[in-house]
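Input: a single structure, listed below in structure tokens.
There are 2 protein chains.
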Amino acid sequence: MEWKINDNSPIFLQLEEQLLTAVVSGYFPPGSRLPSVRELAAEAGVNPNTMQRAFAGLEGRGVILTNRTAGRSVTEDMEIIRAIRREKAREEARAFLKRMQGLGYSPEEVRQVLSETEAEEEEVWKKDLQS
Amino acid sequence: MEWKINDNSPIFLQLEEQLLTAVVSGYFPPGSRLPSVRELAAEAGVNPNTMQRAFAGLEGRGVILTNRTAGRSVTEDMEIIRAIRREKAREEARAFLKRMQGLGYSPEEVRQVLSETEAEEEEVWKKDLQS
DNA sequence: TCAACTGTATTATTGACTTAATACAAGTAT
DNA sequence: ATACTTGTATTAAGTCAATAATACAGTTGA
């Protein structure tokens, strides 16, 4: 997968975020086996310890199952995945609205800015969805 | 003003962000004098050096004028302020759409989640706008 | 069976952010 | 005029993320 890392926040948090997104978006299908820590670390260009820490942060959510010495896999429970997808979407929406509110935007203005921006990105979006 | 600081990103970046928002939203009116670095630092509960660094990052944008030994003030040029407000809103919108796209949401689904979330936060929003 | 790979753990080192404690030159206010 | 406040700079110390280099026990595959 493609990793995007900037230095405005701890790398392990960004990895955690992107791993969860990868599962929830179906990039890593339910039940599938995940690449090893070392492999993912090499792919992302980070130290294995850092990737390891990202997984440690992902524990307890139930999305990913760890088999001590036989790698990791994505849960087959679609219910869990769907729930987290919805939860993350809500978080994003709430954070976005809060920021726009902080800038002094009314709900109507938000809708307008959003549809303008959406129009700009439209081609890319459509292409990504069908792939 | 109210400061909200978490440890997921460098404090000076968060201060920078919030200062810009405060100006752009009109909390610090155009032409008004800003509190001193020391005062703002105390208010935010951070070291003066950290607040100083936040201002350093804000230089060159033209929003804030520094008068070497007589404090800082907000520009009176509303055009600059409006431009930055728009720019920041666009950035937020673009980032939001990208994240939602990453979760596998279609533009229609995004609109739906957004209006649901908006409904939840509505009372708070209205109250804040009129104050 | 045995080499290769898995997750996991440990130790040391580097670098960035943050705090703390000052210091100084220049403008402000009483 | 003089004390106070301003932005700015410097030095030292502490914290923590990240890298690097290993190591080990258990599973997988040829």
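Chain order of the listed sequences is A and B.
First residue of the first sequence: 933, per the numbering used here; consecutive thereafter.
First residue of the second sequence: 933, per the numbering used here; consecutive thereafter.
Even for Gly, the Cβ is constructed at its ideal location relative to N, Cα and C.
Point to revise | According to DSSP, residues forming a beta bridge with B:L997 | key: On the second sequence, residue 997 of chain B is found 65 positions in, with the first residue counted as 1. DSSP output for B:L997 lists B:S1005 as bridge partner(s).
Point to revise | Anticipated Cβ contact below 8 Å, B:V1006 with B:V969, distance rounded | key: Your numbering for residue 1006 of chain B matches position 74 in the second sequence. Your numbering for residue 969 of chain B matches position 37 in the second sequence. Going by Cβ atoms, the distance from B:V1006 to B:V969 rounds to 15 Å, so no, they are not a contact pair.
Review point. Below 7 Å between beta carbons: does that hold for A:V948 and A:G989?
Key: Here residue 948 of chain A is taken as the residue at index 16 of the first sequence, counted from 1. Here residue 989 of chain A is taken as the residue at index 57 of the first sequence, counted from 1. A small correction: the amino acid at residue 948 of chain A is Glu; Val does not occupy that position in the sequence shown. Contact: yes.
Review point. Per DSSP, A:R965 is paired with what?
Key: Numbered from its first residue, the first sequence carries residue 965 of chain A at position 33. Bridge partners of A:R965: A:S1005.
**Study point:** Below-7 Å beta-carbon distance, A:A973 vs any chain B residue
**Key:** Taking the first sequence and counting its residues from 1, one reaches residue 973 of chain A at position 41. For A:A973, the answer is no, since every Cβ of chain B falls outside 7 Å of its Cβ.
Exercise for review: Could you have a look at B:M933 and say whether DSSP puts it in helix, strand or coil?
Suggested key: Translated into the one-based positions of the second sequence, residue 933 of chain B becomes position 1. Of the three classes helix, strand and coil, the one that applies to B:M933 here is coil, per DSSP.
Review point. Would you say A:A1051 reaches chain B, if we count a Cβ-Cβ gap shorter than 7 Å as a contact?
Key: Mapped onto the first sequence, residue 1051 of chain A falls at position 119. Not an interface residue.
Exercise for review: Anything in the stretch 1016–1039 of chain B with a Cβ closer than 9 Å to a Cβ of chain A? List those residues in chain order, please.
Suggested key: R1017, R1018, K1020, A1021, R1022, E1024, A1025, R1026, A1027, F1028, L1029, K1030, R1031, M1032, Q1033, G1034, L1035, G1036, Y1037, S1038 and P1039
Review point. Is the stretch 1042–1053 of chain A close to the stretch 1012–1026 of chain B, with three or more CB pairs under 8 Å?
Key: yes
Review point. Hey, how far is the Cα of A:G994 from the Cα of A:L1035?
Key: In the first sequence, the residue the question calls residue 994 of chain A occupies position 62. In the first sequence, the residue the question calls residue 1035 of chain A occupies position 103. For A:G994 and A:L1035, the distance between alpha carbons rounds to 37 Å.
Practice item. Helix, strand or coil for A:G1036, going by three-state DSSP, please let me know. Key: Here residue 1036 of chain A corresponds to residue number 104 of the first sequence, with the count starting at 1. Residue state, collapsed to three classes: coil.
Check your understanding: Do B:T982 and B:F1028 come within 7 Å of each other at the CB atom, strictly closer than that value?
Key -> Mapped onto the second sequence, residue 1028 of chain B falls at position 96. Mapped onto the second sequence, residue 982 of chain B falls at position 50. Not closer than 7 Å, so no.
Check your understanding: Are the beta-carbon atoms of B:L966 and B:R1004 separated by less than 7 Å?
Key -> Position 34 of the second sequence holds residue 966 of chain B. Position 72 of the second sequence holds residue 1004 of chain B. Contact flag set, yes.
Review point. Closest by CA to B:I1012, which one among B:P942, B:G958 and B:L972?
Key: To locate residue 1012 of chain B, count along the second sequence from 1; it is residue 80. Nearest option by C-alpha distance: B:G958.
**Study point:** Best match in A:Q950, A:S964, A:K936 and A:N940 for proximity to A:M1010 [C-alpha to C-alpha]
**Key:** Start at 1 with the first residue of the first sequence, and residue 1010 of chain A comes out as number 78. Of the candidates A:Q950, A:S964, A:K936 and A:N940, the one whose C-alpha sits nearest the C-alpha of A:M1010 is A:S964.
Check your understanding: What is the residue span of the alpha helix (DSSP H) that A:E948 lies within?
Key -> Along the first sequence, one-based indexing puts residue 948 of chain A at 16. Counting along the chain, the alpha helix (DSSP H) containing A:E948 begins and ends at I943 to V956.
Practice item. Answer yes or no: do B:T1049 and A:R985 have a C-beta to C-beta separation smaller than 7 Å? Key: Your numbering for residue 1049 of chain B matches position 117 in the second sequence. Your numbering for residue 985 of chain A matches position 53 in the first sequence. The answer is no: Cβ separation not under 7 Å.
Practice item. Closer than 8 Å by beta-carbon distance: list the chain A residues that pair up with B:S964, in chain order. Key: Numbered from 1 along the second sequence, position 32 holds the residue referred to as residue 964 of chain B. Those within 8 Å of B:S964 in chain A number zero; the least Cβ separation is about 16 Å.
Check your understanding: Apart from the five residues on each side of it in sequence, which residues of its chain come closer than 6 Å, Cβ to Cβ, to A:A973?
Key -> Within the first sequence, numbered from 1, the residue matching residue 973 of chain A stands at position 41. Answer for A:A973: P980 and M983, listed in chain order.
Review point. Could one say the Cβ of A:S941 lies closer than 7 Å to chain B's Cβ atoms, at least one of them?
Key: Indexing the first sequence from 1 puts residue 941 of chain A at position 9. Interface residue, yes.
Check your understanding: Which residues, in chain order, does the stretch 942–958 of chain B contribute to contact with chain A at a C-beta distance below 8 Å?
Key -> P942, L945, T953, V956, S957 and G958
Review point. Would B:R1022 pass as a contact of A:E1024 if the rule is Cβ separation under 7 Å?
Key: Along the second sequence, read from residue 1 onward, the residue named residue 1022 of chain B stands at position 90. Along the first sequence, read from residue 1 onward, the residue named residue 1024 of chain A stands at position 92. The answer is no: Cβ separation not under 7 Å.
Practice item. Taking B:G989 as part of the alpha helix (DSSP H), name the residues at either end of that continuous run. Key: The sequence position of residue 989 of chain B within the second sequence is 57, counting from 1. Its alpha helix (DSSP H) spans residues P980 to L990.
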